[in-house]
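The structure appears below as structure tokens.
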Amino acid sequence: MNEVVLDILGQQSLEIFTQICFCYSMGEDGESKDEILETLRKGLERLTEGFPWVAGQVVNEKREMGDATCVFKIKTLERIPRLIVKDVSDQGSIPSMEELRRASFPMRMLDESFVAPRSTVPGIFSESSDVPVFILQATFIKNGLLLTFLGQHQVMDGTGQAHVISLLSKACRGEQFTREELETGNIDREGIIPLLTEEENTNLGDLHQRLAHQIILNPSSSSNPEPPQCTWTCFNFSSSSLNKLKSLASKDLLSSTSYITTDDALTAFVWQSVSRIRLSRLSPNKNTTLARAVNVRPYLNVPSTYPGMVQNMTYNDFTISQLTTIPLGIIASQLRSNFDPKISTLNQDTRALATLLDNTKNKSITSFTATLDFSSDIALSSWVKQNSYSLDFGIGLYNPESVRRPQFTPVESLMYLLPKTPNGDVALAICLRDTDMSLLKSDEQFIKYATHIT
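With the sequence shown counted from 1, adding 64 to any position gets you the working numbering.
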């Protein structure tokens with residue numbers, strides 16, 4: 065394959081793997097394990113034929129001799145993406161598919177050390193020292209198959225990874241890729257995000273100030289306190305609960321807000337609920353920020369099928385006192401305003417970030433969560449729109465029963481809204497310090513709409 069220089073946002077130090085696990089039921093008379101693995105291997109071969117870079121590895125190289133500037137690229141690694149096979153179906157200590165189903169597929173039973181070949185955060189465990197673009201682990205359990213997909217986050221954001229997984233399902237089914245899929249999947253990544261013009265750059269002023277939320281400040285000379293003990297867990301929001309939350313929020317929208325989405329209402333509810341229980345240890349005057357991951361392809365005229373890193377964040381702020389006393393609809397309205405075509409700054413902000421990175425040798429100066437205080441703030445990504453529950457990969461097991469983010473290293477205040485189920489439910493994967501989590505599980509206003517997946 066030809067080497068591929070990553071897009072400008074992929075030049076940030078996002079050296080993690082995003083994992084997502086699809087849980088399939090296996091009967092006694094279905095496809096054999098060998099047949100399933102053969103289908104997956106052939107699918108990976110077809111995927112690589114169409115998109116050779118998926119079988120590559122991420123490397124960091126100097127641009128040229130004598131230049132200290134490094135650039136992240138995809139270079140050749142193997143013939144096809146790595147397929148790791150783990151068969152623990154005869155081990156009684158491993159949860160069966162029935163046990164997972166009865167427990168509603170909790171994160172604690174799907175730890176990354178069990179369902180993935182390497183950790184989300186580098187340096188904990190790994191099957192190799194290289195950095196593959198894309199990895200698949202097939203874990204056979206009693207009466208079940210767990211397919212875990214890992215995407216290197218500099219190469220693909222959540223939207224891009226979901227698209228690559230969809231392409232693999234298509235390949236496993238023997239379907240042809242469309243011309244658009246092939247063109248956008250292999251497009252030159254370097255110029256995908258247009259930089260600011262000289263005039264725009266002048267008008268915006270100091271980009272460090274414009275992007276203050278994303279500039280890493282000099283580390284404090286004081287020693288960092290010991291991080292609190294944190295835990296991952298999931299809460300389920302049924303379709304009826306989501307409808308009720310949206311109806312509740314819609315009663316108090318700002319006059320400037322014509323509509324909100326269910327995602328807006330749910331995100332506002334989670335932010336308000338977590339902040340409410342944090343009042344037990346934080347001042348009401350303490351500021352709280354919600355950093356919300358956004359697919360900015362539509363704002364930059366980037367094709368929806370482009371698989372790279374085209375993600376930014378929106379940042380919203382309240383004091384905890386304000387956030388916990390104002391109506392849900394006002395919070396949801398503010399979240400929706402970030403996407404209002406009349407006032408949204410996502411185009412300029414993303415191009416400003418790209419321009420700053422392009423003009424800076426040390427691209428480790430930025431982070432989407434640079435200024436967040438995780439004792440009071442929240443970082444949330446929504447995977448609700450991903451089509452995970454419609455993917456069968458041609459392996460004869462129909463669609464997945466559950467799709468989960470495997471449990472990984474605790475990161476306080478990190479949250480994911482998982483893909484919507486066929487019946488309209490949405491699960492929240494959430495990591496909080498143990499004292500906060502205990503309060504959230506018993507918070508009457510929260511559990512009125514959310515069911516804890518234990």
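All C-beta atoms, glycine included, are put in the ideal place defined by N, C-alpha and C.
Assign residue i to one of two classes, buried (16 or more other C-beta atoms within 10 Å of its C-beta) or exposed (fewer than that).
i: residue 261; result: exposed
i: residue 500; result: buried
i: residue 450; result: buried
i: residue 526; result: This structure cannot settle anything about residue 526, because the visible part of the chain is limited to 65 through 518.
i: residue 286; result: With a pLDDT of 49 at residue 286, under the threshold of 50, the modelled position of that residue is not reliable, and the figure given next carries that caveat. Exposed, since its Cβ has fewer than 16 Cβ neighbours within 10 Å.
i: residue 419; result: buried
i: residue 484; result: buried
i: residue 243; result: exposed
i: residue 510; result: buried
i: residue 255; result: exposed
i: residue 126; result: exposed
i: residue 407; result: exposed
i: residue 293; result: exposed
i: residue 270; result: exposed
i: residue 272; result: exposed
i: residue 55; result: No answer is possible for residue 55: it lies beyond the span of the chain, which begins at 65 and ends at 518.
i: residue 452; result: buried
Are the Cβ atoms of residue i and residue j separated by less than 8 Å?
i: residue 171; j: residue 493; result: yes
i: residue 465; j: residue 165; result: yes
i: residue 180; j: residue 212; result: yes
i: residue 370; j: residue 229; result: no
i: residue 67; j: residue 150; result: no
i: residue 97; j: residue 189; result: no
i: residue 122; j: residue 197; result: yes
i: residue 169; j: residue 514; result: no
i: residue 303; j: residue 488; result: yes
i: residue 458; j: residue 253; result: no
i: residue 202; j: residue 147; result: yes
i: residue 447; j: residue 410; result: no
i: residue 82; j: residue 217; result: yes
i: residue 111; j: residue 257; result: no
i: residue 306; j: residue 490; result: yes
What whole-angstrom Cβ distance do residue i and residue j have, given they're in contact under 8 Å?
i: residue 477; j: residue 441; result: 6 Å
i: residue 219; j: residue 74; result: 6 Å
i: residue 444; j: residue 357; result: 7 Å
i: residue 353; j: residue 381; result: 5 Å
i: residue 275; j: residue 416; result: 6 Å
i: residue 331; j: residue 259; result: Between residue 259 and residue 331 the Cβ distance is about 31 Å, and since that is not below 8 Å, they are no contact.
i: residue 144; j: residue 119; result: 5 Å
i: residue 107; j: residue 232; result: 6 Å
i: residue 191; j: residue 470; result: 15 Å between Cβ atoms; not a contact.
i: residue 195; j: residue 473; result: With 8 Å as the limit, residue 195 and residue 473 do not qualify as a contact, their Cβ atoms being about 18 Å apart.
i: residue 89; j: residue 208; result: 6 Å
Across which residues does DSSP place residue i in a beta bridge pair?
i: residue 295; result: 496
i: residue 519; result: Lying before the first or after the last residue shown, residue 519 is absent from the chain, which here runs from 65 to 518.
i: residue 68; result: 138
i: residue 471; result: 175
i: residue 479; result: 444 and 494
i: residue 199; result: 146 and 214
i: residue 30; result: Outside the shown range of the chain (65 to 518) lies residue 30, about which nothing can therefore be said.
i: residue 205; result: 208
i: residue 466; result: 87
i: residue 426; result: None; residue 426 has no bridge partner.
i: residue 300; result: 491 and 515
Could you spell out the range, first to last residue, of the beta strand (DSSP E) harbouring residue i?
i: residue 161; result: Taken as a continuous stretch (DSSP letters only), residue 161 belongs to no beta strand (DSSP E), being part of the alpha helix (DSSP H) at 161-166.
i: residue 351; result: 351-359
i: residue 218; result: It is not in any beta strand (DSSP E) - residue 218 carries neither H nor E in the DSSP assignment.
i: residue 516; result: 514-517
i: residue 84; result: 81-89
May I ask which residues mark the beginning and end of the alpha helix (DSSP H) holding residue i?
i: residue 375; result: No alpha helix (DSSP H) holds residue 375; the beta strand (DSSP E) holding it covers 375-383.
i: residue 227; result: 222-236
i: residue 310; result: 303-314
i: residue 510; result: 508-511
i: residue 110; result: 97-114
i: residue 366; result: Run containing residue 366: none; DSSP gives neither H nor E here.
i: residue 328; result: 326-342
i: residue 151; result: Note, residue 151: premise wrong, no alpha helix (DSSP H); beta strand (DSSP E) at 146-151.
i: residue 282; result: Note, residue 282: premise wrong, no alpha helix (DSSP H); not H, not E.
i: residue 422; result: 410-422
i: residue 182; result: No alpha helix (DSSP H) holds residue 182; DSSP gives it neither H nor E.
i: residue 248; result: 243-249
i: residue 273; result: 271-274
i: residue 561; result: Look at the range of the chain in this structure, 65 to 518, and you will see that residue 561 is not part of it.
i: residue 451; result: From DSSP, residue 451 is part of no alpha helix (DSSP H); its letter is neither H nor E.
i: residue 268; result: 262-268
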